[in-house]
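> Residue numbers (full-length UniProt numbering): 1 to 92.
For glycine and all other residues, C-beta sits at the position ideal for the given N, C-alpha and C.
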């Protein structure tokens, strides 16, 4: 039972990231979920936003855009991977 609920939550997270973040922010920013664990979500965020000031704001906006849909994420770590890519770790 617990496993099934977690799978549904993971599917919902993937759907919401595509529908409410990527849909309105691409091509400047695009989030791809790399890993979902019990209390952690790792995302690759790519796009031209990496060249602007306020880079973390673009990433924190992921959590902000999902909150009205019942997904509460807290950004815990951001790491630059290259010119147009950032790795973001959220706790949920």
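1. What ranges does the alpha helix (DSSP H) occupy inside the segment 1 to 54, keeping only unbroken runs of at least 4 residues that lie completely in it?
2. Look at the alpha carbon of residue 86 and the alpha carbon of residue 8, and state the distance between them as a whole number of angstroms.
3. I think residue 6 touches residue 66, with their Cβ atoms under 8 angstroms apart; what is that distance to the nearest whole Å?
4. Roughly how many angstroms separate the alpha carbons of residue 37 and residue 91, rounded to a whole number?
5. Nearest-angstrom Cα distance between residue 28 and residue 71?
Let me lay it out:
1. 2 to 16
2. Their Cα atoms are separated by approximately 27 angstroms.
3. The pair is not a contact, with the Cβ atoms about 17 angstroms apart (cut-off 8 angstroms).
4. For residue 37 and residue 91, the distance between alpha carbons rounds to 9 angstroms.
5. 23 angstroms
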